[in-house]
Amino acid sequence: MKNHFADVILPFAIRAGFTYMVPEQLLDSVRPGVRVLVQLGNRRIFTAIVSSVHDKAPASGTPREILKVLDQAPLVNETQLKLWTWIAEYYMCYPGEVLKAALPSAFFLEGMTSEPIAEKFRPKTETFVGLSTTFTDGELNNILDGLARAQKQYEVMASWLRISGYPEGSGDMQVRLSTILKDSGASMASVRALEKKNILSIITRETGRLENFGNETGPPKVLSSAQLTALDRIKLLFSAKDIVLLHGITSSGKTEIYIHLIDEVLRRGKQVLYLLPEIGLTAQIILRLRKHFGDATGIYHSKFNDAEKVEIYKKVAGQDPSSGYRLILGVRSALFLPFSDLGLVIVDEEQDTSFKQHDPAPRYHARDSAIILAGLHKAKVLLGSASPSIESYGNALSGKYGLVELTERYGKIKLPGIIIANAREARRKKLMVSYFTPELLEAMDRALGNGEQIILFQNRRGFAPYIECSECGWIPKCVQCSVSLTYHRLINSLVCHYCGHSTPMVSRCPSCNSTALLTRGFGTEKIEEEIKIVFPSARVARLDQDTTKGKNSFDKLIKTFEDGKTDILIGTQMISKGLDFENLTVVGILNADNLLNFPDFRAHERSFQMMEQVSGRAGRRSKTGTVIIQTSDPGNRIIRLVTRHDYKTMYRIQAEERKDFNYPPFCRMIRISLKHKNRALLNEFSDKAGRGLRELFGKRVLGPEYPLVSQVQQWYIKTILIKLERKLPVTGSKKLIGEVIEKIEKEKGASALRIAVDVDPY
Ligand code: ADP
Ligand code: ZN
Ligand code: ZN
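Structure representation (structure tokens):
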């Protein structure tokens, strides 16, 4: 019985692989990677992906038959299936969870009771307006004159002429109907009237949801000699190593080097994947790449809707090199696209923590997974960063990765001068104005006087991190999480930053009835308000999660700043990445202390990276910038290192500390979180898990403990940390850990227990 059985992956968290029988008439069409319909349980029909076809009958029972095959060609190629398997095994999750992260959900139909007929995905159509025929200039003038008494129709024509760029293009120029209506303010009736007069024609056609950018591309920029040396070294190293780390200071021109490399790889007919952190994917970088690679550039991020994702997926899978995407610029999930022939993977800002997915599973790290993906394609990997992760730099020093350093900025622009402003001292001497030290105020005054721009960085959004009753010390807390609520002035509410729960601001303390409620600490919203008081004539804007909820709001705020219509931009870490502003000369870091004091073994590394990155925004082109770091601890070692841009010492100190205290990369860390709504049961189960794990791993097990935030949305949380030696065979250990968890999950009363495993947690 050859190929009469198929293993499939179902799109949910389910332990075992499922084997189905392949009926005779489907023998030719059931292949790995195709979607099939299968029945599971009572009449419920699901879409699944075939992972393998074989002739081994399952040990027990007779498998059900596959009902239908949905794809002629595999939707998922063999390399993708291999990557999925690696991710499921390494990150200790189910293949179905990987599948759900990897494919747009429109490819799936879940829990149907009868066989579905239509796919969820439909091509998009749009309506365009064009001239009904070619007119001479004279004819067009006559037409416009003739519309003198039909004002609205005249407006429609004027809009069309302006937007189409007439007469630059060809005769069949078309403009979106919606654009014309919006621009002219006219109604559909006016457009119809022009159609009746045989002046305009209205056409509906299939457009796809993705924008087209044309193929007018230019050659890459000529590299400086420092860039050329770096590029040559990267290429040389690639002949011996698969992975190279490019450590180049901010604005050293790393992106231009990437562009040259991409160009060469595309010319060889191979594909390129360019990964960026979630908030690094801005209009600026997209434009820079599209200028060189035109329509071959696909973009992939989480704000695309499902139908758009399906189109991108299909354009990557396309076998036709003339119409498909050859270069994908995307966030972490882009690594799941159906690449057939990758030649190069670039991971820019490789140290960025947004490459690690926290929730839900798969809790994968995109940089590390991309290295595996590249290995499957025999492609090269270039990691780029201004301040690399301790992990990657360590790998470069040990010779596992090649290392290339770029120590000067493009155009030999000086790195910004960094001033440490002692906020404690200034407060004592009563020199602070609101939250601003004299040093910062002076620099801002000067910049505003010169017509230059300023960025203020505060890594907390909202108005005040918490509210406190000055009489009795009461602090409002979230009803379902163990955290204090952040006051948001604009909506006059108290908001939980963990679960989003919000309640109206109170005017009296519910505990002692006092009205003396104080706001404590400061977030971006408060800074914005204070800045408007201190600099009343400056144009101020704020960039954080609250002001960028709309799809294009981030790009709009950036564009306004770029165009010089904002003088002072206040923001969270969102402003720290990949942005390049001509006229920005002053960057203020308002409170370095709350970065540094975060209780996590990576806090110092991250503070350094964040401060370096934010500083890197200042003085990127012709002007030298100034960075002012406000702190109550001016002697702090990390801040001192930032002032000297001394990455190497930072690395040395952090690496030593991690070795002394046995943290990654000197050990492998696995974190197990257990959640239950009942605190007593949570304690019982987590103690059991702890005991079970200790029997196997002894002192390598830490906890169970309540984490910093021990309750979220009514779920109590406890965590267990396991630190394994690097040389221990990790696959075997993971299997044992999995068995302990499985045993706990099967216990009585454990059905309401949630267990999450995070391998290499961030
Ligand atoms: P990085 O990625 O290292 O931060 P970028 O590649 O963004 O640096 O370069 C910083 C600035 O210098 C950008 O405005 C970029 O256009 C410009 N630049 C870099 N290299 C060149 C070059 N070879 N020719 C012209 N402009 C360049
Ligand atoms: Zn009170
Ligand atoms: Zn909450």
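First residue of the sequence shown: 842, per our numbering; consecutive thereafter.
Idealized CB from N, CA, C, for every residue including glycine.
Among the options, which residue has its Cα nearest to the Cα of residue i?
{"i": "Arg1074", "options": "Leu1247, Phe1395 and Glu1105", "result": "Leu1247"}
{"i": "Leu985", "options": "Pro852, Leu1041, Tyr1547 and Thr920", "result": "Leu1041"}
{"i": "Lys1219", "options": "Leu1256, Ser1181, Cys1508 and Leu1437", "result": "Ser1181"}
{"i": "Glu906", "options": "Ile1470, Ala847, Phe949 and Lys941", "result": "Ala847"}
{"i": "Val1324", "options": "Thr1091, Phe859, Trp1556 and Met998", "result": "Trp1556"}
{"i": "Ile1615", "options": "Val910, Leu1272, Gly1252 and Pro1279", "result": "The structure shown does not extend to residue 1615, since the chain is modelled only from 842 to 1603, so the question has no answer here."}
{"i": "Lys1095", "options": "Ser1228, Ile1399, Val1375 and Phe1196", "result": "Ser1228"}
{"i": "Ile1479", "options": "Asp1434, Leu1515 and Thr1465", "result": "Asp1434"}
{"i": "Gly1341", "options": "His1329, Arg1349, Ile1561 and Ile1416", "result": "His1329"}
{"i": "Lys1255", "options": "Val910, His1486, Pro915 and Ser1334", "result": "His1486"}
{"i": "Lys1144", "options": "Val1157, Thr1123, Gly1135 and Lys1132", "result": "Thr1123"}
{"i": "Tyr804", "options": "Tyr1251, His1517 and Ile1212", "result": "Past the edges of the chain, shown from 842 to 1603, lies residue 804, and the structure says nothing about it."}
{"i": "Lys1367", "options": "Ala1305, Ile886 and Pro1377", "result": "Ala1305"}
For residue i, is the beta carbon positioned less than 8 Å from some heavy atom of ligand 3?
{"i": "Gln1554", "result": "yes"}
{"i": "His1329", "result": "no"}
{"i": "Val1106", "result": "no"}
{"i": "Gln1321", "result": "yes"}
{"i": "Cys1340", "result": "yes"}
{"i": "Cys1508", "result": "no"}
{"i": "Cys820", "result": "Only positions 842 to 1603 of the chain appear in this structure, which leaves residue 820 out of reach."}
{"i": "Cys1337", "result": "yes"}
Shorter than 8 Å, the distance from the beta carbon of residue i to the closest heavy atom of ligand 2, or not?
{"i": "Ser1352", "result": "yes"}
{"i": "Glu1369", "result": "no"}
{"i": "Ser1325", "result": "no"}
{"i": "Ser1228", "result": "no"}
Just confirm the distance between the C-beta atoms of residue i and residue j, as a whole number of angstroms; I'd bet it's less than 8 Å.
{"i": "Val863", "j": "Val875", "result": "In fact, because the Cβ distance is near 11 Å, the residues do not count as touching under 8 Å."}
{"i": "Arg1302", "j": "Asp1396", "result": "Not really, about 19 Å apart at Cβ, beyond 8 Å."}
{"i": "Leu1170", "j": "Ile1140", "result": "5 Å"}
{"i": "Ala1459", "j": "Leu1425", "result": "6 Å"}
{"i": "Ile1596", "j": "Ile1511", "result": "That pair is no contact at about 12 Å."}
{"i": "Leu1178", "j": "Tyr1154", "result": "6 Å"}
{"i": "Leu1107", "j": "Ala1071", "result": "Their Cβ separation, rounded to whole angstroms, is 20 Å, which puts Leu1107 and Ala1071 out of contact at 8 Å."}
{"i": "Val877", "j": "Leu911", "result": "7 Å"}
{"i": "Ser1005", "j": "Met1014", "result": "4 Å"}
{"i": "Gln1299", "j": "Phe1376", "result": "No, Gln1299 and Phe1376 are not in contact; Cβ-Cβ is about 16 Å, not under 8 Å."}
Residue range of the beta strand (DSSP E) that residue i falls in?
{"i": "Leu1523", "result": "Per DSSP, Leu1523 belongs to no beta strand (DSSP E); it is in the alpha helix (DSSP H), Arg1520 to Phe1538."}
{"i": "Pro1229", "result": "Premise fails: Pro1229 is in no beta strand (DSSP E) and is neither H nor E."}
{"i": "Val891", "result": "Arg885 to His895"}
{"i": "Trp825", "result": "As displayed, the chain neither begins before 842 nor continues past 1603, which places residue 825 out of reach and without an answer."}
{"i": "Phe859", "result": "Phe859 to Met862"}
{"i": "Asn1263", "result": "Gly1258 to Asn1263"}
{"i": "Glu1546", "result": "Val1542 to Glu1546"}
{"i": "Tyr1115", "result": "Gln1112 to Leu1116"}
Using 10 angstroms around the beta-carbon of residue i, count the other beta-carbons present and answer buried if the total reaches 16, otherwise exposed.
{"i": "Phe1502", "result": "exposed"}
{"i": "Lys1383", "result": "Here the sequence assigns Arg to residue 1383, which means Lys is not the residue at that position. When all chains shown are included, Arg1383 counts as buried."}
{"i": "Ser955", "result": "Only weak support is given to the placement of Ser955: the predicted model assigns it a pLDDT of 43, under 50, and the value that follows is read from those uncertain coordinates. Counting Cβ neighbours within 10 Å, Ser955 comes out exposed, since fewer than 16 surround it."}
{"i": "Pro1570", "result": "exposed"}
{"i": "Ala889", "result": "buried"}
{"i": "Asp1189", "result": "buried"}
{"i": "Thr903", "result": "exposed"}
{"i": "Gly987", "result": "exposed"}
{"i": "Lys843", "result": "exposed"}
{"i": "Ser1092", "result": "buried"}
{"i": "Ala959", "result": "In this prediction, Ala959 has a pLDDT of 44, which is less than 50 and means its spatial position is unreliable; what the coordinates show is noted afterwards. When all chains shown are included, Ala959 counts as exposed."}
{"i": "Gly1292", "result": "exposed"}
Say yes only if the C-beta of residue i is nearer than 8 Å to one or more non-hydrogen atoms of ligand 1, and no if none qualify.
{"i": "Leu1537", "result": "no"}
{"i": "Ser1448", "result": "no"}
{"i": "Ser1092", "result": "yes"}
{"i": "Thr1096", "result": "yes"}
{"i": "Gln1294", "result": "no"}
{"i": "Gln1068", "result": "yes"}
{"i": "Tyr1251", "result": "yes"}
Locate the alpha helix (DSSP H) running through residue i, then write down its first and last residues.
{"i": "Lys1584", "result": "Val1571 to Glu1586"}
{"i": "Thr920", "result": "Glu919 to Tyr931"}
{"i": "Ile1040", "result": "Taken as a continuous stretch (DSSP letters only), Ile1040 belongs to no alpha helix (DSSP H), as it is neither H nor E."}
{"i": "Ala1067", "result": "Ser1066 to Phe1079"}
{"i": "Asp1396", "result": "Ser1394 to Glu1403"}
{"i": "Ala1382", "result": "First-last for Ala1382: Val1381 to Leu1384, but that is the beta strand (DSSP E), not the alpha helix (DSSP H)."}
Beta-carbon of residue i versus every beta-carbon of chain B: anything under 9 Å?
{"i": "Ile984", "result": "Going by chain labels, chain B is absent from the structure shown, which holds only one protein chain."}
Is the closest heavy atom of ligand 5 to the C-beta of residue i under 8 Å?
{"i": "Val1063", "result": "In the structure shown, ligand 5 is absent; the only ligands present are ligand 1, ligand 2 and ligand 3."}
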